[in-house]
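**Student:** In our numbering, the protein residues as written are 1 to 419. Each residue gets a CB set at the ideal place from its N, CA and C atoms; glycine is no exception.
1) Helix or strand or just coil, what does DSSP make of residue 42?
2) What is the rounded straight-line gap between the Cα of residue 247 and the Cα of residue 210?
3) Ordered along the chain, which non-local residues of its own chain (more than five positions away) have a Cβ less than 7 Å from that of residue 251?
4) With three or more C-beta pairs closer than 8 Å as the rule, is the stretch 149-163 touching the stretch 284-303?
5) Have a look at 393, 407 and 408 and flag the residue whose alpha-carbon is nearest the alpha-carbon of residue 71.
6) According to DSSP, what are the bridge partners of residue 165?
7) With DSSP as the reference, label residue 393 as helix, strand or coil.
8) Please identify the residue among 152, 404, 18 and 92 whose C-alpha is closest to the C-alpha of residue 275.
9) Taking just the CA atoms, how far does residue 296 sit from residue 42?
10) Need the endpoints of the alpha helix (DSSP H) that residue 78 sits in, please.
11) Please return the same chain residues whose Cβ sits closer than 7 Å to the Cβ of residue 129, not counting the five positions on each side in sequence.
12) Taking the straight line between their C-alpha atoms, what separation do you get for residue 6 and residue 68?
13) Please state whether DSSP places residue 421 in a helix, a strand or coil.
14) How about the stretch 347-366 and the stretch 98-117: do they share at least three Cβ pairs that are nearer than 8 Å?
15) Residue ranges of each beta strand (DSSP E) run of no fewer than 3 residues wholly in the stretch 222-269, ordered along the chain?
16) Are the Cβ atoms of residue 29 and residue 93 separated by less than 8 Å?
17) Which same chain residues end up closer than 7 Å to residue 37 when comparing Cβ atoms and leaving out the 5 residues on each side of it in sequence?
18) The alpha helix (DSSP H) with residue 331 in it runs from where to where?
19) According to the Cβ coordinates, are residue 267 and residue 243 closer than 8 Å?
20) Leaving out the 5 sequence neighbours to the left and right, which residues in its chain are closer than 8 Å to residue 18 when beta-carbon positions are compared?
21) Please list the terminal residues of the continuous alpha helix (DSSP H) segment that includes residue 1.
22) Relative to the C-alpha of residue 10, which residue among 397, 83, 74 and 27 is closest?
23) Can at least three beta-carbon pairs, one atom from the stretch 116-126 and one from the stretch 210-222, be found at a separation below 8 Å?
24) If you compare alpha carbons, which of 14, 328, 231 and 220 is closest to residue 136?
25) Starting from the Cα of residue 378, find the closest Cα among 217, 168 and 35 and give me that residue.
26) Using a Cβ-Cβ cut-off of 8 Å, state whether residue 378 counts as contacting chain D.
27) For residue 253 and residue 73, what's the separation of their Cα atoms in angstroms?
28) Which residue wins for smallest C-alpha separation from residue 132, given the options 206, 179, 77 and 119?
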């Protein structure tokens with residue numbers, strides 16, 4: 001399979017909880033977090049020594065863009081490194097606030113919605129060939145991304161008509177179009193802004209904005225791995241025909257509202273299939289594609305995990321409590337409800353939903369489960385710690401990161417960009 005460059009952008013939720021009745025603009029909190037990453041400055045946009053970019057996005061959200069990767073495991077590692085970098089900034093940022101008489105705690109959440117119904121994204125970027133028909137590719141990709149949430153969703157408790165419901169995906173209810181050039185006003189499954197940051201005659205960017213941010217390394221590996229595999233096979237002519245939904249936006253919302261995964265959605269040709277059945281069509285086509293390619297252990301691993309996950313989702317999703325975010329969270333909340341004898345409408349349930357995504361490992365519920373051996377890891381923590389200051393060694397991110405390190409060592413001002 002051809003080498004491909006990809007990366008993730010995660011916008012994080014940010015809260016300051018003061019010890020007292022004070023108002024503090026979140027820009028100030030974010031500024032002190034920036035100080036932890038870029039000493040002696042207060043920028044709103046900065047590249048780091050590991051080749052990544054950290055900046056303030058719309059709505060005062062800290063956003064971490066991974067460096068360019070060409071290996072799925074590298075991407076998982078650098079996605080986690082982004083969490084660790086933000087976590088590492090918390091003590092100093094809180095101390096700076098205390099010096100101003102603003103004692104309290106800063107919370108950073110790797111999620112996609114807040115209590116007011118606002119949403120912020122996790123965007124996936126894949127470099128794709130310019131010589132293939134973009135619109136034919138996207139038509140074949142949309143059913144895949146609509147249904148991928150059954151293993152990539154982060155889970156969310158939402159009130160519908162005053163009653164709490166558990167949704168598979170946090171982003172699904174905020175999607176309004178199949179394709180669009182906007183990432184805010186008219187959110188789509190596939191964003192069409194063409195920013196390849198490469199030779200535009202040979203490449204373009206595939207920008208996916210429908211996905212959730214994930215705590216699970218397993219899910220990040222699987223969602224990016226399957227997307228890479230499906231994109232490659234379609235580019236190479238292994239088409240997936242006849243899977244278009246009658247209404248993709250309606251389908252993505254209906255699938256998200258059914259954690260049993262039994263709901264069928266209508267295709268253009270009148271057939272009705274479950275999300276698992278749609279994913280199996282792509283899985284089987286990917287198997288045909290891989291059989292004709294040179295052996296790639298990493299992609300074979302992706303396919304095997306994909307097949308295993310679909311089998312377990314069809315049998316009983318709760319078998320994947322160690323791997324899949326929305327399943328893990330649902331198990332955690334249900335266990336709490338059973339223990340406390342409360343209902344899904346209890347305010348503590350909504351707090352658990354939020355605390356699951358706290359990136360501070362001594363506080364976040366996901367990480368407390370991980371510390372007890374209840375979560376399946378994919379990469380070593382040592383590799384994550386190394387990636388906080390070391391760029392991938394097989395993409396141009398290495399040149400960028402090494403340049404920044406050299407400039408800082410010489411105390412020189414510098415300017416860098418993606419290209």
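**Tutor:** The short version:
1) Taking the first residue of the chain shown as position 1, residue 42 is located at position 42. Only weak support exists for where residue 42 lies, its pLDDT of 48 falling under 50; the value from the coordinates is given anyway. Looking at residue 42 - three-state DSSP - the assignment turns out to be coil, as it is neither helix nor strand.
2) Position 247 of the chain shown, counted from the first residue, corresponds to residue 247. Position 210 of the chain shown, counted from the first residue, corresponds to residue 210. Going by the C-alpha atoms only, they are around 15 Å apart.
3) Here residue 251 is taken as the residue at index 251 of the chain shown, counted from 1. Closer than 7 Å at the Cβ level, and outside the excluded window around residue 251, lie 146, 245 and 265.
4) no
5) As a position in the chain shown, residue 71 is number 71, starting the count at 1. Of 393, 407 and 408, the residue nearest in Cα terms is 393.
6) Translated into the one-based positions of the chain shown, residue 165 becomes position 165. For residue 165, which the question treats as bridged, DSSP gives the partners 158.
7) Here residue 393 corresponds to residue number 393 of the chain shown, with the count starting at 1. Three-state result, residue 393: coil.
8) Sequence index remark: in the chain shown, residue 275 carries index 275 (1-based). Here the closest residue by C-alpha is 152.
9) Position 42 of the chain shown, counted from the start, is the residue given in the question as residue 42. Position 296 of the chain shown, counted from the start, is the residue given in the question as residue 296. Only weak support is given to the placement of residue 42: the predicted model assigns it a pLDDT of 48, under 50, and the value that follows is read from those uncertain coordinates. Answer to the nearest angstrom: the Cα atoms are 44 Å apart.
10) Residue mapping note: residue 78 aligns to position 78 of the chain shown, counting from 1. Run containing residue 78: 72-99, per the alpha helix (DSSP H) assignment.
11) Within the chain shown, the letter at position 129 stands for residue 129. 203 and 235.
12) Sequence index remark: in the chain shown, residue 6 carries index 6 (1-based). Sequence index remark: in the chain shown, residue 68 carries index 68 (1-based). Cα to Cα, residue 6 sits roughly 6 Å from residue 68.
13) Missing from the structure shown is residue 421; the chain here goes from 1 to 419 and no further.
14) yes
15) 264-266
16) In the chain shown, the residue the question calls residue 29 occupies position 29. In the chain shown, the residue the question calls residue 93 occupies position 93. Their beta carbons are under 8 Å apart, which means residue 29 touches residue 93 by this criterion.
17) For the purposes of this step, residue 37 is taken as residue 37 along the chain shown, with counting starting at 1. Around residue 37: 46, 48, 54, 85 and 89.
18) Residue numbering aside, residue 331 sits at position 331 when the chain shown is read from its first letter. Looking at the DSSP string, the run of the alpha helix (DSSP H) that includes residue 331 is 325-340.
19) If you number the chain shown from 1, residue 267 lands on position 267. If you number the chain shown from 1, residue 243 lands on position 243. Yes, the pair counts as a contact, with Cβ atoms nearer than the cut-off.
20) Locating residue 18 in the chain shown gives position 18, where the first residue counts as 1. Excluding sequence neighbours, residue 18 sits near 24, 102, 103 and 104.
21) The sequence position of residue 1 within the chain shown is 1, counting from 1. That residue, residue 1, is in no alpha helix (DSSP H); it is neither H nor E in DSSP.
22) Here residue 10 is taken as the residue at index 10 of the chain shown, counted from 1. It is 83.
23) yes
24) Locating residue 136 in the chain shown gives position 136, where the first residue counts as 1. Nearest option by C-alpha distance: 231.
25) Here residue 378 is taken as the residue at index 378 of the chain shown, counted from 1. When each option's Cα is compared against that of residue 378, the closest is 217.
26) Within the model displayed, chain D is absent; a lone protein chain is all it includes.
27) Your numbering for residue 253 matches position 253 in the chain shown. Your numbering for residue 73 matches position 73 in the chain shown. Approximately 30 Å, taken between the alpha carbons.
28) Taking the first residue of the chain shown as position 1, residue 132 is located at position 132. Closest by alpha carbon: 206.
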